[in-house]
Amino acid sequence: MRVSDNTNMGVVRDSIQRSRSRMENLQMETATMKKLNKPSDDPVGSAKVLEVRTDKVNNDQFQMNAKLAEAFLDNTDHALEDLSNIVMRAKEIAIGQASSASSTPETRLGVAEEVNQLFQRAIATANRRIGDRYIFGGYKSSTPPVDADGSFRGDDGQMMVEIGREVYIGMNIPGIEAFNTHPEASADYQRIEKTPDGKSPEKEEEQPARRLASEGTPVSGQNANLFQELKALRVGLLTGDLDAIRGTLDRFDQLLGKVVSTRAKIGSRIQGIQGNVNAMERHNITNAQLTSGIEDADMTQVVSDLAKEETVFKSSLASSKHLIQPTLLDFLR
Amino acid sequence: MTTAKAGIATAGHNISNANTEGYSRQRVTSESQVAQQMAGQGGPYVGEGSKIGRIERINDQYLEKQLREGGRDLAYHEEKQVFLNQTEDVFNEMNGDGLNRLVATFFNDFRKLSNDPTSEAIRQSVRESSQAMVNDFRRIRSEMEQIRSHVDNRIDGYMKELNTQAKELSELNVKIRTAEIAGNEANDLRDRRDQIVKKMSTYVDLSTHTDNNGMVNVDIKGVGPLVTGPNTEKYFVGREAAVPEEGSVANSLQIARSEFSHNYVTSQFRGGKIGALIETRDKEISKVLNRLDELAFSVSRSVNEIHQKGFTADGKTGVNFFKPIASPTDAAQMLSLSDDIRGSVSNIAVALQPGAPGDNRNALALANLQNLHLMNHGKTTLDDFYNSIVSDVGVSSARNKEDLGQQQSINTQLSKVRDQVSGVSIDEETTNLMQFQHAFDASARVIKTADEMLDTILSLKR
Chain A
0 MRVSDNTNMG VVRDSIQRSR SRMENLQMET ATMKKLNKPS DDPVGSAKVL EVRTDKVNND
60 QFQMNAKLAE AFLDNTDHAL EDLSNIVMRA KEIAIGQASS ASSTPETRLG VAEEVNQLFQ
120 RAIATANRRI GDRYIFGGYK SSTPPVDADG SFRGDDGQMM VEIGREVYIG MNIPGIEAFN
180 THPEASADYQ RIEKTPDGKS PEKEEEQPAR RLASEGTPVS GQNANLFQEL KALRVGLLTG
240 DLDAIRGTLD RFDQLLGKVV STRAKIGSRI QGIQGNVNAM ERHNITNAQL TSGIEDADMT
300 QVVSDLAKEE TVFKSSLASS KHLIQPTLLD FLR
Chain B
0 MTTAKAGIAT AGHNISNANT EGYSRQRVTS ESQVAQQMAG QGGPYVGEGS KIGRIERIND
60 QYLEKQLREG GRDLAYHEEK QVFLNQTEDV FNEMNGDGLN RLVATFFNDF RKLSNDPTSE
120 AIRQSVRESS QAMVNDFRRI RSEMEQIRSH VDNRIDGYMK ELNTQAKELS ELNVKIRTAE
180 IAGNEANDLR DRRDQIVKKM STYVDLSTHT DNNGMVNVDI KGVGPLVTGP NTEKYFVGRE
240 AAVPEEGSVA NSLQIARSEF SHNYVTSQFR GGKIGALIET RDKEISKVLN RLDELAFSVS
300 RSVNEIHQKG FTADGKTGVN FFKPIASPTD AAQMLSLSDD IRGSVSNIAV ALQPGAPGDN
360 RNALALANLQ NLHLMNHGKT TLDDFYNSIV SDVGVSSARN KEDLGQQQSI NTQLSKVRDQ
420 VSGVSIDEET TNLMQFQHAF DASARVIKTA DEMLDTILSL KR
């Protein structure tokens, strides 16, 4: 084959250029520690990376949401615990004063004051806030849900938060549900219509908790309201109406049952949140592995490739020396 | 002796042009002179020595054509790559702060707001992140527009060069014709002409043929003649209204046969640098922009739709979040926050009923848009749609890079083959030089011998 000088030079130039451009790519990879520096480096992979990145941002937000919801529910739980203590104490008083054997007008007058205190404490507990939000107010979170008379001024709005992709959980317990055995029958009941499209974003897992709550309360019977019962007890004590005092006993039991079942509901929600947080953390780890697999450069590989490339480059330079130098003219002296 | 001298001159010419691009080596073909009869009738025929036949160009027209086509395809891919790279840079997603992240933040801020609907600070941050998203839509849009105007400038420049070269080619046609009618071999002019045709075909797909007079005629494939013998056809460029069916937008550069014609031939230009530019402008860039507009339109429409249903902190309803946009055309450019939102963050509608500050349902519905299949007739989410734009840009660029690499290898190979045939080898020329030198020496010796013989004869008389 006829080899012209241009062919020779071309080969030399070409091999050096190629080697250099490969080295530049490797250099870019070492500098950024990433093998994906432009979408064209791996178009499909880069779409995946973007998707996972959005996932990550969302998951971080979901985790934050979950933490907030958990704090909110914890606080609600504490408030309910206080309320159940109040009901328990009221029940004790009612038992103590229900029979004429132990109850005298003097003792009744004495404990009536305590019941009044319990009533005030119950209102204060029902109006508990986190920051400037009333936890039992439903959607009416910036005004006290219970007035001085013990009437409920909030609504039954469920504040749903997204704690996982399209997984929603209610972060509040509307007071109306906790303070009444039959909230629908309560005079203060304010119904909030569900989301307009008719699809309630409630979480599936919540259904058992709700069933539990409804099992805990007697199916029949009249609604018992915590504040009204405390008032009734106080009136009974003040007027010495032992029947009325006895009458409250049963309803205090119902109320206690209701508070306990509501706390169970909160417990199951918190459990749900924690399960979700754990799942999300696992998800984040898997995602991190996935993106790392797509976009991170394998440093050992890159460094050894670079070393190899250097050898190639040097040897092509060295061979060029022999290729370029001699022509026939060098020997015609 | 003359033959030998011509040989030496040609070898010198070859050597000095060893590095001239597109030079084809030349060779002297010597012929023996027709023998003449000596000493009258019946005498023997004796050779009369050699004469210069012609100086020919060692050149394979078929190879030249392949090389020309290779050069055209290489130029096409190179030109395209320049702009695809720029497009990729506009979507600087890989370092993590492109529109993708801003859209995610936008939706997440609504989630934050759903946690704490009354917080003024979070409302502010929703507005900020929306503004950031809007700005990035506009940034991408305007950077893409900029790339498009660069493309237009280049088309303009290349068309001018093409016209100039067409002129030069027609002049060369005439020169070569004149020289060859006089019986000379216009080897170097022919090299130059090949070179110009090669350069011209890097601009656009051309077809060439040589006519009976040895003139090269060049047609732009699918458009019409460019050079016919000594004549050239001039093409004009001008800014014109949109040609939507070809994907070009208003005010972009169009190519016409004559200055005042509205019959554009722009889309018929294929291949080469100009073809690449037109394709990049009217296909790639337009596609990206259209999809971006579509995305911006969907975001603004769907967010507004839900936002209008909600109630603001002051109990107003029917408030727009973005300024309403009528159609997807230029939506990415027109996307902006509504005056209500700009005016006060309490106009963000979080609730689904008035007077319920804790009602977060509308914020949830807005955040949920991220998961809804709003694009592609209900098949893709907003996120996926955007990601697919980025990935498509990547695919185009990756494919072109690959084609470019292949074409480079092909061209290197073709050049090698061409150099095998037409390239100058210094070694070879040196040997030729020596060969002709020896021939020259020998011829000189013949003359010297004849001279001595004459001397001998003349000395007989003394």
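Chains as they are written, first to last, in numbering that gives the first Met the number 0: chain A, 0 to 332; chain B, 0 to 461.
The beta-carbon is built from N, C-alpha and C at its ideal position, and this holds for glycine as well.
Note that this is a predicted model, so its numbers are computed, not measured.
Query raised in the report: Can a CB atom of chain B be found closer than 8 Å to the CB of A:Q60?
Result: yes
Query raised in the report: Using 8 Å as the limit for Cβ to Cβ distance, is A:K34 near chain B?
Result: no
Requested in this report: Take the Cβ of B:L371 as the centre, count every other Cβ of all protein chains shown within 10 Å, and call the residue buried at 16 or more, exposed below.
Outcome: exposed
Report task. Pull up the DSSP beta-bridge partners for B:Y44, would you. Result -> Answer is B:Q36.
**Report entry** B:N183, DSSP secondary structure in three states
**Finding:** Looking at B:N183 - three-state DSSP - the assignment turns out to be coil, as it is neither helix nor strand.
Report task. Report the residue from B:S285, B:E20 and B:E293 whose alpha carbon sits nearest the alpha carbon of B:I195. Result -> B:E20
Query raised in the report: So which of A:D76, A:S45, A:L67 and A:E23 has the shortest CA-CA distance to A:K264?
Result: Taking each of A:D76, A:S45, A:L67 and A:E23 in turn and checking the Cα distance to A:K264, the smallest one comes out for A:D76.
Query - Three-state class that DSSP yields for A:H333 in the structure shown - result: Because chain A spans 0 through 332 in this model, residue 333 of chain A falls outside it and cannot be assessed.
Query raised in the report: Where does B:R140 fall in DSSP's three states?
Result: When DSSP states are grouped into helix, strand and coil, B:R140 belongs to the helix group.
Report task. Determine the closest residue to A:D295 out of A:M170, A:K33 and A:S99, with distance taken between C-alpha atoms. Result -> Distances from the CA of A:D295 to each of A:M170, A:K33 and A:S99 were compared; the closest alpha carbon is that of A:K33.
Report task. Taking 8 Å as the threshold, find out whether the region 123-134 of chain B comes into contact with the region 407-426 of chain B through three or more Cβ pairs. Result -> no
Requested in this report: Taking the CB atoms as reference points, tell me whether B:E87 and B:V392 lie closer together than 8 Å.
Outcome: yes
Query raised in the report: If you draw a straight line from the alpha carbon of B:L459 to that of B:G41, how long is it in whole angstroms?
Result: 30 Å
Query raised in the report: Mind listing which residues of the region 195-211 of chain B have their C-beta closer than 7 Å to chain A's C-betas, in chain order?
Result: The region 195-211 of chain B vs chain A, Cβ under 7 Å: nothing.
Query - B:L288 burial status per 10 Å Cβ neighbour count (16 or more: buried) - result: buried
**Report entry** Neighbour flag for B:G477 against chain A, beta carbons, 8 Å
**Finding:** There is simply no residue 477 of chain B to check, as chain B begins at 0 and stops at 461 in what is shown.
Requested in this report: Please report how far the alpha carbon of A:Y167 lies from the alpha carbon of B:K79, in whole angstroms.
Outcome: When only Cα atoms are considered, A:Y167 and B:K79 end up about 48 Å apart.
Query raised in the report: Apart from the five residues on each side of it in sequence, which residues of its chain come closer than 6 Å, Cβ to Cβ, to B:G48?
Result: Around B:G48, the same chain offers Q32 as residues with beta carbons nearer than 6 Å, after the five sequence neighbours per side are excluded.
Requested in this report: State buried or exposed for B:K447, treating a residue as buried only when at least 16 other CB atoms are found within 10 Å of its CB.
Outcome: exposed
Query raised in the report: Mind pulling the chain B residues with CB within less than 7 Å of A:T53?
Result: Within 7 Å Cβ-Cβ: N99, A103 and D382.
**Report entry** Beta-ladder partner(s) of A:R128, from DSSP
**Finding:** A:Y133
Requested in this report: If I'm right that B:G219 touches B:V236 with Cβ under 8 Å, what's the distance once you round it to whole angstroms?
Outcome: A small fix is needed here, since residue 219 of chain B is Ile in this sequence, not Gly. B:I219 to B:V236, Cβ: 14 Å. No contact.
Query raised in the report: Since B:F310 sits in a beta bridge, which residues does DSSP pair it with?
Result: B:T316 and B:A350
Query - Ordered list of alpha helix (DSSP H) runs contained in the region 6-69 of chain A, each at least 4 residues - result: none
Report task. Only counting runs of 4 or more residues, tell me where the alpha helix (DSSP H) segments fall wholly within the region 354-421 of chain B, in order along the chain. Result -> 360-367 and 381-421
Requested in this report: Please go through the same chain and pick out, in chain order, the residues whose beta-carbon is closer than 8 Å to the beta-carbon of B:N216, but skip the five residues on each side of it.
Outcome: Closer than 8 Å at the Cβ level, and outside the excluded window around B:N216, lie T207, H208, T209, D210, P224, V226, T227 and G228.
Query raised in the report: Name the DSSP bridge partner or partners of B:P224?
Result: B:D218
Query raised in the report: If you draw a straight line from the C-alpha of B:A165 to the C-alpha of B:E283, how long is it?
Result: 29 Å
Query raised in the report: Near B:G221, which residues of its chain fall below 6 Å by C-beta distance, leaving aside the five closest residues on each side in sequence?
Result: Q267
Query - B:S200, DSSP secondary structure in three states - result: helix
**Report entry** Alpha-carbon spacing of B:L336 relative to B:H306, whole angstroms
**Finding:** 12 Å
Query raised in the report: Residues of chain A with CB under 9 Å from B:R110, in chain order?
Result: N57, Q60, F61, M63, N64, V160 and E161
Requested in this report: Identify whether B:D115 lies in helix, strand or coil by the three-state DSSP scheme.
Outcome: coil
Requested in this report: Output the distance between the C-alpha atoms of B:L188 and B:L171, rounded to the nearest integer angstrom.
Outcome: 7 Å
Query raised in the report: Beta-carbon of B:S297 versus every beta-carbon of chain A: anything under 8 Å?
Result: no
Query - Alpha-carbon to alpha-carbon, B:S148 and B:S396 - result: 20 Å
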